[in-house]
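Q: In my numbering, each residue carries its 1-based index in the sequence shown increased by 1375.
Think of the CB as a built atom: it goes at the ideal place given N, C-alpha and C, for glycine as much as any other residue.
It should be emphasised that the depicted structure is a prediction, and the values quoted were computed from it without experimental measurement.
The structure follows.
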Amino acid sequence: MTVNRILHRAGNATPGSLASLVVLAGHLAVDAIEADVWVHGDDLLAHHERPLGPLPLLLGWGGFQRRSSVLSLHAILEARAGHADVVVDLRSWFGDPAPELARALADEATRSRVCVTCEDWSIADRVRAWLPGIRIGYSIRTEAQLRAYLVQRDAGVLSETAVAIRHTLLHTPDEIALLRERARRVNAWTVDDVDRAMQLVSWGVDEITSNHVTVLNAL
1376 MTVNRILHRA GNATPGSLAS LVVLAGHLAV DAIEADVWVH GDDLLAHHER PLGPLPLLLG
1436 WGGFQRRSSV LSLHAILEAR AGHADVVVDL RSWFGDPAPE LARALADEAT RSRVCVTCED
1496 WSIADRVRAW LPGIRIGYSI RTEAQLRAYL VQRDAGVLSE TAVAIRHTLL HTPDEIALLR
1556 ERARRVNAWT VDDVDRAMQL VSWGVDEITS NHVTVLNAL
C-alpha cells in the first residue's frame, strides 16, 4: 500500500526561507506540504498564529508577528509548482474563508494539486460547495469529534468525507478499518516517530503527516 507523505506546516515559512520551501517541495520523500491558511483582507496567508482583525499583526505563543513576515498561499503554490501537492489547513476566527479560497484556486490545474482540511466541518462543507470536486478532509482532534463523525456518518447526516485525525486516537487496525469504511481515506497527524508511522501504515492509514522529513523518508 502506497502512503501519502505530508510535511507538516512546511508552508508556514517566511519570505526569506522561500528557497528552502522550494527544496522541500521537491524532496523525494515529500508528497505534499501543509500550511495553516487564514484570510487577511483579500489575501490568504500561511501561519499558525491568529490574525488580529484588520491590524497587520498575528498573535501566537511567541507574541506578536507582522503579516508581512509570512508567505501567501499564492507564493506557496508557485514554490511547489511541478513538485509536491499542497494541503491547506483552512482556518477562520470569524467569517467565511471559502469564497476567498475559491478565487485563489480558480485555475483547475492548480486546484487539482490542492487538498483542503478544516477542523470546523461547516467551513469544509462551504469549500466543497464553492469548489465541487476538490479534495476535502474533516480534521479530528478529540475523541468527541471522532464519535460525532461516526454517529453522523452512520445516521446519514454527513456525506462521505476523508478524515485527518490525531494519531493518538488510533489504537488498532480495526479502528482504522472502521474509519476507512466511512471516510474512504484516513490521514494520521502529527506523527514524529518512525516506528509509530510504520505501525500506522501497516494498520492501513492512507496518509501520514509529520514534522520531520526523516520520518517521511522511512515510509
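Could you round the C-beta distance between A1454 and A1400 to whole angstroms and report it? I think they count as a contact, below 8 angstroms.
A: Sequence index remark: in the sequence shown, residue 1454 carries index 79 (1-based). Sequence index remark: in the sequence shown, residue 1400 carries index 25 (1-based). Indeed they touch by this definition, with Cβ atoms about 6 angstroms apart.
Q: Residues bridged to W1413 by DSSP?
A: As a working mapping, residue 1413 is identified with position 38 in the sequence shown. DSSP lists L1420 as partners of W1413.
Q: Which one or two residues does DSSP pair with D1529 in a beta bridge?
A: On the sequence shown, position 154 is the one that residue 1529 refers to. Bridge partners of D1529: none, in fact.
Q: Which residue from N1562, H1383, Y1524, L1476 puts its Cα closest to that of W1505?
A: In the sequence shown, counting from the first residue as 1, residue 1505 sits at position 130. Closest by alpha carbon: L1476.
Q: Do A1421 and W1407 have their beta-carbon atoms positioned less than 8 angstroms apart in this structure?
A: Translated into positions along the sequence shown, residue 1407 becomes position 32. Translated into positions along the sequence shown, residue 1421 becomes position 46. The amino acid occupying residue 1407 in the given sequence is Ala; Trp does not appear at that position. Between A1407 and A1421, the C-beta spacing is not below 8 angstroms.
Q: For L1575, collect the residues of the same chain with a Cβ closer than 7 angstroms to its Cβ; drop the 5 residues on either side in sequence, then sort them by chain order.
A: Position 200 of the sequence shown, counting from 1, holds the residue named residue 1575. Excluding positions up to five away in sequence, the list reads H1542, L1545, A1563, V1566, I1583.
Q: Opposite V1462 in the DSSP bridges: which residues?
A: In the sequence shown, residue 1462 corresponds to position 87, counting from 1. Answer by DSSP bridge pairing, in chain order: E1409, C1490.
Q: Kindly indicate which three-state DSSP category I1509 falls into: helix, strand or coil?
A: As a first step, residue 1509 is located in the sequence shown; it is residue number 134 there, counting from the start. I1509 falls in the coil class under three-state DSSP.
Q: Going by the beta-carbon positions, is the gap between G1386 and L1446 smaller than 8 angstroms?
A: As a first step, residue 1386 must be located in the sequence shown, where it is residue number 11. As a first step, residue 1446 must be located in the sequence shown, where it is residue number 71. At a Cβ-Cβ threshold of 8 angstroms, G1386 and L1446 count as neighbours.
Q: Could you check the C-alpha separation between N1586 and I1540 for me, to the nearest Å?
A: Translated into the one-based positions of the sequence shown, residue 1586 becomes position 211. Translated into the one-based positions of the sequence shown, residue 1540 becomes position 165. Looking at the two C-alpha atoms, the distance is approximately 15 angstroms.
Q: Consult DSSP for T1589 and reduce its assignment to one of helix, strand or coil.
A: Translated into positions along the sequence shown, residue 1589 becomes position 214. DSSP places T1589 in helix when its eight states are reduced to three.
Q: In three-state DSSP terms, what is V1535?
A: As a position in the sequence shown, residue 1535 is number 160, starting the count at 1. The sequence given here places Glu at residue 1535; Val does not occur at that position. Looking at E1535 - three-state DSSP - the assignment turns out to be coil, as it is neither helix nor strand.
Q: Express the C-alpha separation of D1417 and V1378 in angstroms, rounding to a whole number.
A: Here the question's residue 1378 lines up with position 3 in the sequence shown. Here the question's residue 1417 lines up with position 42 in the sequence shown. For V1378 and D1417, the distance between alpha carbons rounds to 35 angstroms.
Q: Out of curiosity, what's the CA-to-CA distance linking V1462 and E1556?
A: Residue mapping note: residue 1462 aligns to position 87 of the sequence shown, counting from 1. Residue mapping note: residue 1556 aligns to position 181 of the sequence shown, counting from 1. Cα to Cα, V1462 sits roughly 23 angstroms from E1556.
Q: Look up S1577 in the DSSP assignment and say whether it is helix, strand or coil.
A: Stepping through the sequence shown from its first residue, residue 1577 is reached at position 202. Looking at S1577 - three-state DSSP - the assignment turns out to be helix.
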